[in-house]
Amino acid sequence: MPVFEANQTINARAEIVWKFFSDPAILSVITPPDMGFYIKFPLKSIPAYAGMIIKYKVSPLFSIPLQWVTEITHVEENKFFVDIQLKGPFKIWHHQHIFKNVEEFTEMTDILYYELPFGHLGKWVAGRLVRKRINHIFKYREMMVNRIFNNPSEKRPD
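Following this line, the structure appears as structure tokens:
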């Protein structure tokens, strides 16, 4: 099963970073615009909790809109949360978001386990394309997080 890992140092304590990332509404800010992403549920900002269902529309490849449903399965406030795909383009999607205070900074680690549908055929047909797209999504997110937290000329969310 493919594994993707991303690490980023953020110029804020984990409590602040947690507050930002545990709000599903922030996904529309940190997702590349070319993905046509928008949240369908929940419609108001609420912090992540175990059992939370998030429904959204996204166009990850070729501008084809897809309904995607994830569930937050595990939460330890200010430390980590895990989301899994219930409905969407992957056979398996298991995404761990980990936050660790290091002095006045937060080390954020994402570990994503995913598997494409259709077994070896799915991997052969779309494996590299999907990996490239995942890299694109996380590079964009890294850029946006740097703008928000690591650029001293811009105000941080508190």
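According to this note's numbering, the sequence shown holds residues 36 to 193 in order.
Backbone N, C-alpha and C define an ideal beta-carbon position, used for all residues, glycine too.
Mind checking which residues open and close the beta strand (DSSP E) that includes residue i?
i, result
"E40", "38-45"
"L96", "Neither: L96 is in no beta strand (DSSP E) and is coded neither H nor E."
"L121", "115-122"
So, for residue i: in the same chain, excluding its five sequence neighbours on each side, which residues have a beta-carbon less than 7 Å away from its beta-carbon?
i, result
"I119", "T105, E106, T108, W128, H129"
"V64", "M179"
Excluding the 5 residues flanking residue i on each side, which residues of the same chain have their C-beta closer than 8 Å to its C-beta?
i, result
"P100", "G71, K92, V93, S94"
Between which two residues does the alpha helix (DSSP H) carrying residue i extend?
i, result
"E50", "49-56"
"L151", "Neither: L151 is in no alpha helix (DSSP H) and is coded neither H nor E."
Whose CA, out of the options, lies closest to the CA of residue i?
i, options, result
"E150", "N170, R166, D58", "R166"
"Y175", "Q43, M36, V38, P37", "Q43"
"E40", "I51, F125, Q102, I146", "I146"
"K54", "T66, V110, F97, E177", "V110"
Can you find the residues in the same chain that come closer than 6 Å, C-beta to C-beta, to residue i, ignoring five residues on each side of it along the sequence?
i, result
"N185", "N46"
"P152", "K126"
"I133", "F115, T144"
"Q131", "V117, I146"
Let me confirm a value: residue i is counted as buried when at least 16 other C-beta atoms fall within 10 Å, else exposed. Which label applies?
i, result
"P192", "Reliability of the predicted coordinates at P192 is poor, the pLDDT of 49 falling under 50, and no value is obtained from them."
"I183", "buried"
"S57", "buried"
Alpha carbon to alpha carbon, what distance is there between residue j and residue i?
i, j, result
"M143", "E112", "14 Å"
"H171", "A49", "25 Å"
"I89", "M179", "21 Å"
"I51", "G154", "40 Å"
"D69", "R168", "11 Å"
"F76", "F173", "23 Å"
"P37", "P59", "25 Å"
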